[in-house]
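Numbering (this note's numbering), first residue to last: 3 to 172. Backbone N, C-alpha and C fix where the C-beta goes; we use that ideal spot for every residue, glycine too. Notes follow once the structure below has been shown.
Structure representation (structure tokens):
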């Protein structure tokens with residue numbers, strides 16, 4: 003009987019990505035968090051995104067809910083923001099992917115849409131509950147733009163290694 007290796011690799015990678023989000027932000031905090039810039043690292047979402055595109059992960063929605071809960075507990079302090087957003091982003095990604103053949107550029111553009119929606123919805127939810135008072139203009143210029151640039155660079159660097167990992171072990 004063949005044991006599916008992705009059953010073990012995906013959760014370990016997910017937990018690693020959760021800690022990597024905070025670690026990268028801490029290590030590069032002098033650059034990522036300044037009076038004029040706030041970059042949000044999204045390695046957790048990148049891991050889930052590549053899994054949706056190339057992996058055969060059992061129960062990815064419950065895993066996304068788990069990742070959202072952990073992310074909320076560690077980083078946002080409000081349970082529910084990423085608990086809702088990560089599974090929602092899986093649905094959005096799957097919906098968009100049904101119209102395209104996956105390739106580096108196509109997935110880059112889908113990832114760009116996903117990060118934009120994820121970051122904007124996170125901002126909107128935080129605005130509703132009073133966790134932020136940043137104006138939309140400041141959010142777009144100081145958070146959304148730099149967050150997109152950073153996460154797209156992260157995508158470019160990690161796309162091929164993660165794709166190979168998921169294709170090999172799925």
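Would you decide whether residue 102 is buried or exposed? Buried here means 16 or more other CB atoms lie within 10 Å of its CB. exposed
Roughly how far, in whole angstroms, is the beta-carbon of residue 52 from the beta-carbon of residue 92, given that I think they are within contact range, below 8 Å? Going by Cβ atoms, the distance from residue 52 to residue 92 rounds to 12 Å, so no, they are not a contact pair.
Given this structure, state the Cα-to-Cα distance separating residue 149 from residue 40, to the nearest angstrom. 7 Å
Just curious, the alpha helix (DSSP H) that residue 165 is in, first and last residue? 147–171
Ignore the nearest five residues each way along the sequence and tell me which others in residue 27's own chain have a CB closer than 7 Å to its CB. 34 and 43
Beta-ladder partner(s) of residue 35, from DSSP: 40
Within the continuous alpha helix (DSSP H) that includes residue 28, where are the two ends? 8–29
Cβ pair count under 8 Å reaching 3, the segment 103–116 against the segment 78–90: no
Can you tell me whether DSSP reads residue 108 as helix, strand or coil? helix
Pull up the distance between the alpha-carbon of residue 66 and that of residue 38, whole angstroms please. 31 Å
Please report the straight-line C-alpha distance between residue 154 and residue 114, rounded to a whole angstrom. 7 Å
Less than 8 Å between CB atoms is the rule here; does residue 74 satisfy it with respect to chain C? The structure shown contains no chain C; it is built from a single protein chain.
Check whether residue 58 and residue 99 have beta carbons under 8 Å apart: no
Pick helix, strand or coil for residue 101, following the three-state DSSP scheme. coil
Use the C-beta contact count for residue 170: other C-beta atoms within 10 angstroms, 16 or more gives buried, fewer gives exposed. exposed
Can you tell me which of the three DSSP states residue 124 falls into? helix
Member of 80, 79 and 112 whose CA lies at the smallest distance from the CA of residue 2: It is not possible to answer for residue 2, since the shown part of the chain is limited to 3 through 172.
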